[in-house]
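In what follows, a single structure is set out as structure tokens and then discussed.
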Amino acid sequence: QAADEHHDLVVLGAGPGGYTAAFRAADLGLKVLLIERYPDLGGVCLNVGCIPSKALLHTAAIIQETQGMSAHGVTFAKPEIDIDKLRSFKEEVIGKLTGGLAGLAKQRKVTVAHGFARFRSSHLIAISNPEQQEGADQADRLVSFDQAIIAAGSKSIRIPGFPYDDERLMDSTGALELADIPKRLLVIGGGIIGLEMGCVYAGLGSAVTVVELSEGLMPGCDRDLVRPLEKRLKKDFENIFTGAKVTGIESTKKGLSVTFEGGKAPASDTFDRVLLAVGRSPNGHALDADKAEVLVDERGFIAVDSQQRTNVQHIFAIGDLVGQPMLAHKATHEGKVAAEVAAGQKSYFDAKTIPSVAYTDPEIAWMGLTETAAKDQGISYEKGAFPWAASGRALSMARSDGLTKVLYDPQTKRILGAGIVGPNAGELIAEAVLALEMGADLEDLALTIHPHPTLSETLNFAAEVAEGTVTDIY
Ligand code: FAD
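With UniProt numbering, letter number 66 in the sequence shown gets 195, and the count goes up by one each step, no holes.
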């Protein structure tokens with residue numbers, strides 16, 4: 130079949146992975162087509178993920194902070210929330226970023242096509258009307274390419290049998306729409322996305338209940354980091370049920386009637402809205418990748434090598450679609466590697482770690498080896514931990530519940546991992562990531578002069594604790 134047009138490189142999907150790959154490849158001289166089914170560039174992260182959630186979390190955190198100021202002698206009135214204005218603020222932030230991307234694409238002469246893309250062969254892609262997901266034969270446009278990068282991302286997982294036609298049952302995209310502030314919100318899933326959205330709605334005034342199948346919130350994360358969060362959420366949320374699950378949801382006039390099983394959850398309860406946040410699954414099955422002979426596993430993931438190549442030499446894959454962790458900064462890094470390899474450079478994905486952050490209150494951030502993983506895998510380590518109760522800066526912010534710890538190799542003293550819980554943990558972890566990437570050891574962290582009084586000092590103090598040079602209170 131003859132193509133309507135030809136490009137050196139086609140990038141399928143304009144999320145953080147896709148637009149980064151497209152821009153980098155164009156900068157390296159390739160003629161690039163970027164295909165996106167939605168009108169705006171930016172993917173999940175900019176439109177319905179990282180950015181809108183952080184815009185709302187910022188508001189929620191300020192509300193929570195002002196309400197806690199009475200103990201400092203300052204009492205604020207109960208906040209009045211203009212939800213339309215808050216929604217507009219969030220939309221404005223998204224608009225600035227997605228508009229910026231469109232401008233950057235133009236500047237670089239990256240051609241953008243809006244439509245749903247599917248492979249026809251290993252050198253041909255069909256682009257059809259975004260609405261028309263079935264019936265690949267009715268393509269509006271056929272594009273041939275020398276190389277392609279698949280960056281189609283992921284979507285929220287659905288549990289079968291729930292009433293998805295009831296708009297009160299939401300996924301994260303629905304929750305970010307901020308249709309109203311429900312009196313009672315149930316969040317199914319105590320992972321990062323569920324807890325972040327729970328913090329947003331609790332800050333805005335909803336009575337939030339979380340139900341989590343595992344025995345603790347944030348499964349996989351070290352318990353000493355989760356504990357301060359759990360303690361705070363117990364105050365901010367109406368209920369937290371762990372070791373429990375939802376067995377059914379029914380739409381009723383009064384709300385969504387939910388049945389539970391396990392833990393301390395009641396047999397049933399009724400909520401104004403329910404957010405389902407039990408994970409995300411890759412979009413690998415919707416691309417007719419088999420027509421390009423690209424292997425997609427049962428779950429929809431596409432396996433790649435360290436240069437982001439799939440089993441087909443000239444087709445790359447990046448981002449959520451290639452595996453965990455499903456994070457924007459992983460997608461962009463992989464996007465750069467794929468673009469550079471496509472342009473003939475010898476690039477590899479060889480990052481030592483991909484940091485994780487929960488932007489809850491308090492934030493939790495970790496990188497490199499965790500104690501949970503070390504124990505599971507029998508890796509020997511030692512640690513230095515510094516409780517924020519001894520940090521002058523943390524105390525002056527009335528946030529002594531934080532903790533900073535570094536894990537290191539007992540023989541070489543090299544940094545293996547770090548974990549932080551407390552306000553701004555997400556910003557603070559970056560120093561530890563750099564330390565790991567540069568092969569730093571404890572002494573490097575302990576002898577580096579950090580500004581006083583800052584939360585960044587806690588990393589320095591944690592290393593000093595391990596070195597035995599700490600002087601207790603700062
Ligand atoms: P995506 O962003 O999913 O983009 C894929 C794009 O491909 C989409 O625009 C989609 O429309 C398009 N597409 C798919 N199939 C086709 C097709 N066949 N034809 C045309 N176009 C197609 N990560 C962080 O690092 N930090 C955070 O704080 C954070 N917060 C999050 C909060 C929420 C609520 C959610 C849901 C996610 C969050 N994430 C966060 C995860 C982050 O959004 C993803 O890891 C990131 O967006 C993945 O980028 P990607 O390029 O792989 O795919």
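Every residue gets a Cβ at the ideal spot worked out from N, C-alpha and C, and that includes glycine.
Can you give me the Cβ contacts of residue i inside the same chain, cut-off strictly under 7 Å, excluding the 5 residues immediately before and after it?
i, result
"residue 490", "190, 193, 328, 361"
"residue 398", "387"
"residue 412", "281, 282, 283, 284, 429, 450"
"residue 206", "none"
Looking at residue j and residue i, is the spacing between their C-beta atoms short of 8 Å?
i, j, result
"residue 235", "residue 410", "no"
"residue 544", "residue 535", "yes"
"residue 438", "residue 307", "no"
"residue 138", "residue 274", "yes"
"residue 461", "residue 145", "yes"
"residue 574", "residue 559", "no"
"residue 466", "residue 404", "no"
"residue 421", "residue 451", "no"
"residue 469", "residue 157", "yes"
"residue 288", "residue 445", "no"
"residue 136", "residue 272", "yes"
"residue 454", "residue 483", "yes"
"residue 527", "residue 495", "no"
"residue 537", "residue 563", "no"
"residue 513", "residue 396", "no"
"residue 342", "residue 363", "no"
"residue 481", "residue 565", "yes"
"residue 132", "residue 239", "no"
"residue 180", "residue 223", "yes"
"residue 164", "residue 140", "yes"
"residue 603", "residue 520", "yes"
"residue 286", "residue 473", "no"
"residue 471", "residue 159", "yes"
"residue 456", "residue 435", "no"
"residue 464", "residue 406", "no"
Spatial neighbours of residue i within its chain, please: CB distance less than 8 Å, with the 5 preceding and 5 following residues excluded, ordered by chain position.
i, result
"residue 265", "For residue 265, the predicted structure reports a pLDDT of 46, less than 50, and the residue's modelled location is therefore unreliable. A value from the coordinates is still provided. 247, 249, 255, 257, 417."
"residue 295", "380, 385"
"residue 312", "335, 336, 401"
Residue i lies in the alpha helix (DSSP H); which residues open and close that run?
i, result
"residue 276", "Premise fails: residue 276 lies in the beta strand (DSSP E), 270–279, not in any alpha helix (DSSP H)."
"residue 395", "From DSSP, residue 395 is part of no alpha helix (DSSP H); its letter is neither H nor E."
"residue 213", "212–236"
"residue 248", "Looking at the DSSP string, residue 248 is not in any alpha helix (DSSP H); the run it does join, the beta strand (DSSP E), is 245–250."
"residue 300", "Looking at the DSSP string, residue 300 is not in any alpha helix (DSSP H), and its letter there is neither H nor E."
"residue 525", "521–525"
"residue 319", "First-last for residue 319: undefined, no H or E at that position."
"residue 364", "352–365"
"residue 172", "172–177"
"residue 503", "500–506"
"residue 459", "457–471"
"residue 575", "571–576"
"residue 596", "586–596"
"residue 148", "145–156"
Would you mind giving the Cβ-Cβ distance between residue i and residue j, rounded to the nearest angstrom? I have them listed as a contact below 8 Å.
i, j, result
"residue 334", "residue 369", "Incorrect: roughly 18 Å between the Cβ atoms, too far for contact."
"residue 584", "residue 522", "6 Å"
"residue 86", "residue 237", "Here the chain covers residues 130 to 603 and nothing more, so residue 86 does not appear."
"residue 314", "residue 400", "6 Å"
"residue 524", "residue 353", "With 8 Å as the limit, residue 524 and residue 353 do not qualify as a contact, their Cβ atoms being about 20 Å apart."
"residue 372", "residue 344", "5 Å"
Give every residue of the same chain whose Cβ lies closer than 6 Å to the Cβ of residue i, excluding the five residues on either side of it in the sequence, and list them in chain order.
i, result
"residue 148", "170, 230"
"residue 227", "169, 170, 171, 175"
"residue 376", "388, 390"
"residue 487", "321, 493"
"residue 182", "325"
"residue 351", "499, 500, 501, 548"
"residue 332", "189, 192, 193"
"residue 503", "510"
"residue 177", "302, 305"
"residue 365", "331"
Is the beta carbon of residue i within less than 7 Å of some heavy atom of the ligand ZN?
i, result
"residue 179", "With respect to the ligand ZN, the structure shown offers nothing to examine, as its ligands consist of the ligand FAD."
By the DSSP assignment, the beta strand (DSSP E) with residue i in it spans what residues?
i, result
"residue 368", "368–371"
"residue 165", "161–165"
"residue 374", "374–381"
"residue 444", "444–446"
"residue 564", "No beta strand (DSSP E) holds residue 564; the alpha helix (DSSP H) holding it covers 554–566."
"residue 134", "134–141"
"residue 391", "Premise fails: residue 391 is in no beta strand (DSSP E) and is neither H nor E."
"residue 202", "Run containing residue 202: none; DSSP gives neither H nor E here."
"residue 487", "485–487"
Output yes if chain C places a C-beta closer than 8 Å to the C-beta of residue i; else output no.
i, result
"residue 288", "Among the chains in the structure shown there is no chain C, since it carries only a single protein chain."
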